[in-house]
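**Student:** Residue numbers (my numbering): 3 to 176.
Backbone N, C-alpha and C define an ideal beta-carbon position, used for all residues, glycine too.
Small disclaimer: the values here were computed from a predicted structure and weren't measured.
Handing you this structure, nothing more for now.
See the structure below:
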């Protein structure tokens, strides 16, 4: 048991709306298909699966590289499905949150605690919209050189009555 510095990525799809429209069976099929499609990207970037929707990375840069790639793959997948009239395969991506810092993590258990877990979860689950990536300020500063081909917007957010800066990331053409 120890404290590690890690980047935490949390992501969310709009499953309640999807399941309401297409039912539980189609939702489970779509989630399984999407996660299987994204798995090679997570592996390529050294992501450690902690929960279905949460990954750990050794550093901020790798987390951002992975997340921007996943974002683009999902956008492209949805665009292709929509243009083919196959809306039931389209998975609405709410977004991603990435924060980094000290966490307590015990492999193969549900022990993963710390501010990065809480903040990434809040950014990705509660605040990110329309597939955006929300980076904490420290993650943005560590990885901004990777984002020259992206549309970056500074956002001032309030989380649990605490104000902080986050950076919204989209592909330039989105």
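What would DSSP say about residue 53, mapped onto helix, strand or coil?
**Tutor:** By 1-based counting over the chain shown, the position of residue 53 is 51. Residue state, collapsed to three classes: strand.
**Student:** Taking three-plus beta-carbon pairs below 8 Å as touching, is the region 122-140 in contact with the region 96-112?
**Tutor:** A contact exists between the region 122-140 and the region 96-112.
**Student:** Terminal residues of the continuous alpha helix (DSSP H) containing residue 46?
**Tutor:** For the purposes of this step, residue 46 is identified with residue 44 of the chain shown, where counting begins at 1. Where residue 46 is concerned, the enclosing alpha helix (DSSP H) stretches over 17-46.
**Student:** Look at the alpha carbon of residue 169 and the alpha carbon of residue 123, and state the distance between them as a whole number of angstroms.
**Tutor:** The residue labelled residue 169 in the question sits at position 167 within the chain shown. The residue labelled residue 123 in the question sits at position 121 within the chain shown. Whole-angstrom Cα-Cα distance: 15 Å.
**Student:** Measuring alpha carbon to alpha carbon, tell me which of 175, 106, 134, 155 ends up nearest residue 52.
**Tutor:** Taking the chain shown and counting its residues from 1, the one referred to as residue 52 is at position 50. That would be 106, whose Cα lies nearest to the Cα of residue 52.
**Student:** Take the Cβ of residue 30 as the centre, count every other Cβ of all protein chains shown within 10 Å, and call the residue buried at 16 or more, exposed below.
**Tutor:** Along the chain shown, read from residue 1 onward, the residue named residue 30 stands at position 28. It counts as exposed.
**Student:** Closest to residue 112 by C-alpha separation, out of 37, 136, 54, 171, would be which residue?
**Tutor:** One-based indexing of the chain shown puts residue 112 at position 110. The option with the nearest alpha carbon to residue 112 is 54.
**Student:** Determine the closest residue to residue 37 out of 18, 10, 79, with distance taken between C-alpha atoms.
**Tutor:** The residue labelled residue 37 in the question sits at position 35 within the chain shown. The shortest C-alpha separation from residue 37 is found at 79.
**Student:** Quick one, which of 143, 104, 162 has its alpha-carbon nearest residue 154's?
**Tutor:** Start at 1 with the first residue of the chain shown, and residue 154 comes out as number 152. That would be 143, whose Cα lies nearest to the Cα of residue 154.
**Student:** Are residue 174 and residue 152 touching if we call contact CB-CB under 8 Å?
**Tutor:** Locating residue 174 in the chain shown gives position 172, counting from the first residue. Locating residue 152 in the chain shown gives position 150, counting from the first residue. Going by C-beta atoms, residue 174 is nearer than 8 Å to residue 152.
**Student:** What's the call for residue 7, buried or exposed, on a 16-neighbour Cβ count within 10 Å?
**Tutor:** Along the chain shown, one-based indexing puts residue 7 at 5. Under this definition residue 7 is an exposed residue.
**Student:** When you compare each of 24, 101, 160, 33 to residue 61 by their alpha carbons, which one comes out closest?
**Tutor:** By 1-based counting over the chain shown, the position of residue 61 is 59. With distances taken between Cα atoms, residue 61 lies closest to 101.
**Student:** Pick from 114, 161, 116: whose alpha carbon is nearest that of residue 177?
**Tutor:** No answer is possible for residue 177: it lies beyond the span of the chain, which begins at 3 and ends at 176.
**Student:** Under DSSP, the alpha helix (DSSP H) around residue 143 begins and ends at which residues?
**Tutor:** For the purposes of this step, residue 143 is taken as the residue at position 141 of the chain shown. Start and end: 139-145.
**Student:** Which runs of the beta strand (DSSP E), 3 residues or longer, sit entirely within the region 55-141?
**Tutor:** Complete beta strand (DSSP E) runs here, min 3: 56-59, 95-107, 134-138.
**Student:** Would residue 9 pass as a contact of residue 119 if the rule is Cβ separation under 8 Å?
**Tutor:** Residue numbering aside, residue 9 sits at position 7 when the chain shown is read from its first letter. Residue numbering aside, residue 119 sits at position 117 when the chain shown is read from its first letter. Their beta carbons are not under 8 Å apart, which means residue 9 does not touch residue 119 by this criterion.
**Student:** Compare the beta carbon distance of residue 139 and residue 166 with 8 Å and say whether it is the shorter of the two.
**Tutor:** In the chain shown, residue 139 corresponds to position 137, counting from 1. In the chain shown, residue 166 corresponds to position 164, counting from 1. In contact: residue 139 and residue 166 (Cβ atoms closer than 8 Å).
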